[in-house]
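Chemist:
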Amino acid sequence: MILHNLLRRATRSTLTILGIAIGVAAVVALGAMANGIADNYGGALGLSNDLLVTQKNAYDVAYSSLDETLGQRIAGLPDVANVDPGVFSWYSFDELPYFLIYGYAPDSIAMQHYRIVEGKPVMAPGQIAIGRRGAEALKVGVDDILRINGAPYHIVGIYETGQGMEESGGVVVLEDAQTIAQKERTVSLFQVGLRRGGNADTVMARIEALDKEVTVTTASGYSVSQQWTQYLQGFAWGVAAIAILIGGLGMMSAMVMSVLERTREIGTLRAVGWSRGRVLRMILGESVLLSAIGGAIGIVIGAVLVWAMGQAPGWGVMLASSVSPALVVQGMATALILGIVGGLYPAWTAANLQPVEALRYEGGGATASTGWLGRIGNQSFRNLWRRRNRTLLSAAGIGVGVGTLVMLGGLMKGMIGQLNGLTGSGGAGSITVMQRDVADMSMSSLDERMVRQILAMPEVKTASPFMLAVISSPEMPMFLLGGLDPNSPAMRHYKLVEGRYMQRPNEIVMGKVAAETYKVGIGDTLSLNDNRYKVVGITQTGTAYEDAGGMLALREAQRLMGRPRAVSFIFVDVKDPAQTQAVANVINTRFKEARASLSSDFAQSSNDLQTTQGMVSGIQALALIVGGIVVANTMIMSIFERTREIGTLRALGWRRRRILGQILLESLLLCLVAAVLGSLFGVGLLTLVTMAPGAGQFMSATWSPDIFLSAFVTAAVLGILGG
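Under the numbering used here, the first residue of the sequence shown carries the number 1, and numbering increases by one thereafter.
1. Given a cut-off of 8 Å, decide if G131 and E167 are closer than it, judged by their beta-carbon atoms.
2. In angstroms with no decimal places, state the Cα-to-Cα distance between Q354 and G267.
3. Which of the three DSSP states, helix, strand or coil, is assigned to F712?
4. In whole angstroms, give me the CA-to-CA distance for G724 and V24.
5. Between which residues of its own chain and S369 is the CB-CB distance below 7 Å, once the five residues before and five after are set aside?
6. Is it the case that the stretch 115-128 contacts the stretch 82-91, given that we only count it when at least three CB pairs across the two stretches are under 8 Å?
7. What residue range is occupied by the uninterrupted beta strand (DSSP E) comprising E160?
8. Buried or exposed, going by whether 16 or more other CB atoms sit within 10 Å of the CB of S324?
9. Short of 7 Å in beta carbon distance, which residues of its chain neighbour A428, apart from the five on each side in sequence? Order them along the chain.
10. Does the Cβ-Cβ distance between L194 and V53 come in under 8 Å?
11. Please name the residue, chosen from T334, T14 and Y159, that lies closest to A26 on a Cα-to-Cα basis.
12. Near V731, which residues of its chain fall below 6 Å by C-beta distance, leaving aside the five closest residues on each side in sequence?
13. The alpha helix (DSSP H) that contains D107, what's its start and end?
14. Rounded to a whole number of angstroms, what is the C-alpha to C-alpha distance between I155 and R147?
15. Just the C-alpha distance for V28 and I20, rounded to the nearest angstrom, thanks.
16. Hey, quick one: how far does the beta strand (DSSP E) through A469 stretch, first residue to last?
17. Which value, in whole angstroms, describes the spacing of the CA atoms of Q418 and Y159?
18. I need the straight-line Cα distance from G549 to L560, nearest angstrom please.
19. Should the stretch 452-468 be regarded as contacting the stretch 525-539, the criterion being three or more beta carbon pairs within less than 8 Å?
20. Could you give the distance in angstroms between the alpha-carbon of G295 and the alpha-carbon of V328?
21. Here's the rule I'm using: 16 or more other beta-carbon atoms within 10 Å means buried, otherwise exposed. How should V272 be labelled?
22. Below 8 Å CB to CB, which residues in the same chain sit around E118 once its five sequence neighbours on both sides are set aside?
23. What are the boundary residues of the alpha helix (DSSP H) that F681 is part of?
24. At what residues does the beta strand (DSSP E) containing R115 begin and finish?
25. Across which residues does DSSP place G499 in a beta bridge pair?
26. To the nearest angstrom, how far is the alpha carbon of A396 from that of V460?
27. Do you know offhand how far G723's Cα is from S704's?
28. On the DSSP letters alone, give me the boundaries of the alpha helix (DSSP H) that Q72 sits inside.
29. Buried or exposed for E475, please, with buried defined as at least 16 other CB atoms from any protein chain shown within 10 angstroms of its CB.
30. In angstroms with no decimal places, state the Cα-to-Cα distance between Y545 and L480.
31. In chain order, what residues of the same chain have a beta carbon less than 6 Å from the beta carbon of A303, not counting five sequence neighbours either side?
32. Let me make sure I understand the geometry here. Which of V61, A439 and P465 has the alpha-carbon closest to that of L446?
Below is the structure:
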């Protein structure tokens with residue numbers, strides 16, 4: 001009978017199943033995406049030796065920086081057969097946003113990992129071998145020229161390794177990789193090979209004894225940061241939760257309407273002897289069966305999406321994964337929980353219907369007592385209020401989607417504002433210079449000699465070099481450390497609330513949030529990478545990234561990060577603000593490896609923020625799709641539920657157009673109510689999230705009228721299309 005009931009209402013059942021399927025597909029696809037990024041990136045180092053040596057507390061191996069002379073000291077240890085220094089970095093092409101660059105000595109064991117299938121191996125500077133997938137994405141081959149930071153590299157070979165991310169990169173000699181990554185006399189890692197019979201644990205202990213600032217792992221035991229993996233999985237589950245919540249509310253709405261639509265039927269069943277328990281099991285069984293079908297379809301859709309993501313140009317290599325049994329179980333469990341939770345209230349309502357009242361029910365599902373709100377407004381508003389349980393459930397489902405749009409819009413605005421205000425770069429006549437085509441702005445690296453050349457331009461007033469580094473610690477997984485010349489004009493941006501600015505290499509100025517997190521004050525000592533710094537000042541700028549970070553003298557930051565002549569950004573002030581864009585154009589023309597932009601547009605022009613905006617757009621589309629299904633489901637059920645009412649209106653002379661207008665207006669009003677609720681939900685939730693401990697370091701909310709206008713326009717479009 002349960003299956004028969006669902007087939008009799010095929011349209012409603014199909015829409016409900018579709019809503020659940022999209023939620024489950026989100027769980028499966030996003031979970032696989034997070035696992036895929038962690039697995040692919042974790043295996044992308046091409047480790048061909050026994051041990052891996054990286055900088056201690058480096059957030060990622062790409063941020064690791066070690067003195068290359070350490071390799072000679074490691075090579076002198078007992079049981080060490082060979083030491084291969086390597087450089088690992090990222091570059092960005094339009095066709096391939098994350099292009100990995102490896103650098104090793106031509107005759108090293110590490111270089112042999114990149115198995116050449118066309119052409120020949122890299123043997124000299126100016127040459128590059130690229131992976132098969134990278135060659136296909138960039139549409140290049142052997143003997144073509146590939147430009148990196150403006151410098152030409154001759155493609156001498158195509159390699160295959162069987163690892164997707166490795167094959168989406170290129171390998172050059174060590175010296176070229178150091179130039180590309182601005183790692184003069186430093187490397188990212190050392191691969192260490194052991195002699196036959198050598199004890200790995202003993203050698204690891206000896207290497208760590210040589211330098212307290214390194215971490216040594218076995219090549220087979222290396223994996224990406226567990227915290228980074230947890231962040232990815234948390235993000236994936238957060239996005240999936242949006243789809244699940246909307247789908248759950250949509251299911252509950254559909255089941256409530258099912259009960260209202262079938263009030264007389266349920267009354268008849270109760271009158272012929274059905275018990276409350278039997279009615280409850282029937283309604284709950286329908287809900288669970290819908291969820292099970294939706295879950296199965298969602299798992300299939302999720303698997304197809306996972307495959308499609310893996311085939312996508314550029315990003316595909318990072319997302320390539322497979323649907324694990326654990327994800328299948330998670331997806332089906334999510335669907336069944338949706339079915340139980342979404343059907344429990346409607347089932348309880350149906351089970352407690354009194355037979356006599358149910359048999360007297362004339363259809364329409366309206367609440368008997370509507371109050372004063374049921375007597376105001378037009379007919380469409382009164383219809384919504386008469387069915388306020390259904391209206392509120394549907395509005396909540398749509399509102400979650402609208403709230404997601406508002407929340408993400410505020411988050412992106414806040415992020416852009418924070419980055420544009422970095423070190424006061426948003427002032428009048430300001431230009432921010434960073435490395436061109438760098439995959440992540442935190443990895444930007446420029447030769448500091450560029451500062452003197454920019455200062456020589458007659459239109460330039462000041463130029464402040466700035467070093468940005470990321471250090472991982474137990475207190476703050478991502479501690480943002482800056483480096484500035486204490487006499488730099490940009491230093492004035494950091495407003496002291498206590499103490500003074502740093503004057504010596506062993507002194508540090510802390511942002512107020514970071515000082516509270518580390519529980520340090522003026523005169524206390526902070527340890528970073530086994531270096532001790534005296535806290536001499538506390539600053540507060542209102543920029544979350546700065547207030548949750550620290551500032552060293554530029555030379556000390558360069559020494560600590562092993563990048564003695566590199567800077568991350570150059571902040572330029574011009575004498576005449578009207579000449580700002582012209583000066584930026586000159587810098588872009590003169591320095592091919594750099595990108596100069598107005599500081600007010602600095603964040604928007606970065607590759608990583610553009611990638612983030614693309615991801616946000618995908619999340620917004622997901623919320624809209626699920627929300628649109630909820631609207632369509634609601635309005636279709638409204639028609640089925642009110643068949644007698646609409647028939648009566650037609651009999652009284654109402655034209656088709658008038659009926660159409662009323663239903664569309666109801667749908668539009670429903671979505672506008674959802675837009676109001678969703679906007680409040682989005683603002684409230686993001687405000688709470690940014691107030692959470694640690695979240696304020698990375699998140700801030702900025703609200704503007706266009707965010708809410710976009711939400712209301714989206715809701716209106718959903719209302720029209722869904723109705």
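We put the beta carbon where it would ideally sit given N, CA and C, even for glycine. Computed from a predicted model, the values in this text were never measured in an experiment.
Modeler: The relevant details are as follows:
1. Going by beta carbons, E167 and G131 fall inside the 8 Å limit.
2. In this structure, the CA atom of Q354 is about 7 Å from the CA atom of G267.
3. DSSP, read as helix, strand or coil, puts F712 in helix.
4. Given that the chain is displayed from residue 1 to residue 723, the structure contains no residue 724 and the question cannot be resolved.
5. Residue confidence for S369 is low, a pLDDT of 45 falling below 50, so the modelled location carries little weight; the figure read from the coordinates is stated next. For S369, where only same-chain residues beyond five positions count, there are no Cβ hits under 7 Å.
6. Output reads no: the stretch 115-128 does not touch the stretch 82-91.
7. Segment A151 to E160, the beta strand (DSSP E) holding E160.
8. Under this definition S324 is an exposed residue.
9. Any reading at A428 must be qualified, since the residue scores a pLDDT of 44, below 50, and its modelled position is unreliable; the value itself is stated next. The beta carbon of A428 lies closer than 7 Å to those of P577 in the same chain, with the five residues before and after it left out.
10. No, these two residues do not count as a Cβ contact at 8 Å.
11. Out of T334, T14 and Y159, T334 has the C-alpha closest to the C-alpha of A26.
12. In this structure the chain extends from 1 to 723, so residue 731 is not present and cannot be described.
13. D107: not part of any alpha helix (DSSP H); DSSP gives it neither H nor E.
14. C-alpha separation (whole angstroms): 10 Å.
15. Spanning the two alpha carbons is a distance of roughly 12 Å.
16. Element bounds for A469: V460 to I471.
17. Roughly 41 Å between the two C-alpha positions.
18. Each residue's alpha carbon lies about 15 Å from the other.
19. Judged by Cβ distances under 8 Å, the stretch 452-468 makes no contact with the stretch 525-539, as fewer than three pairs qualify.
20. Within the model, the alpha-carbon separation for G295 versus V328 is close to 9 Å.
21. By the 10 Å Cβ count, V272 comes out exposed.
22. The beta carbon of E118 lies closer than 8 Å to those of G141, V142, G157 and I158 in the same chain, with the five residues before and after it left out.
23. Where F681 is concerned, the enclosing alpha helix (DSSP H) starts and stops at R656 to M691.
24. Per DSSP, R115 belongs to the beta strand (DSSP E) from R115 to G119.
25. In the DSSP output, where bridge partners are listed per residue, G499 has G537.
26. When only Cα atoms are considered, A396 and V460 end up about 55 Å apart.
27. Cα to Cα, the separation comes out at about 29 Å.
28. Where Q72 is concerned, the enclosing alpha helix (DSSP H) stretches over L70 to A75.
29. Residue burial is scored here from C-beta neighbours: E475 has fewer than 16 other C-beta atoms within 10 angstroms and is therefore classed as exposed.
30. Rounded to the nearest angstrom, the two C-alpha atoms are 7 Å apart.
31. Taken in chain order, the residues that qualify are V323.
32. It is P465 whose Cα lies nearest to the Cα of L446.
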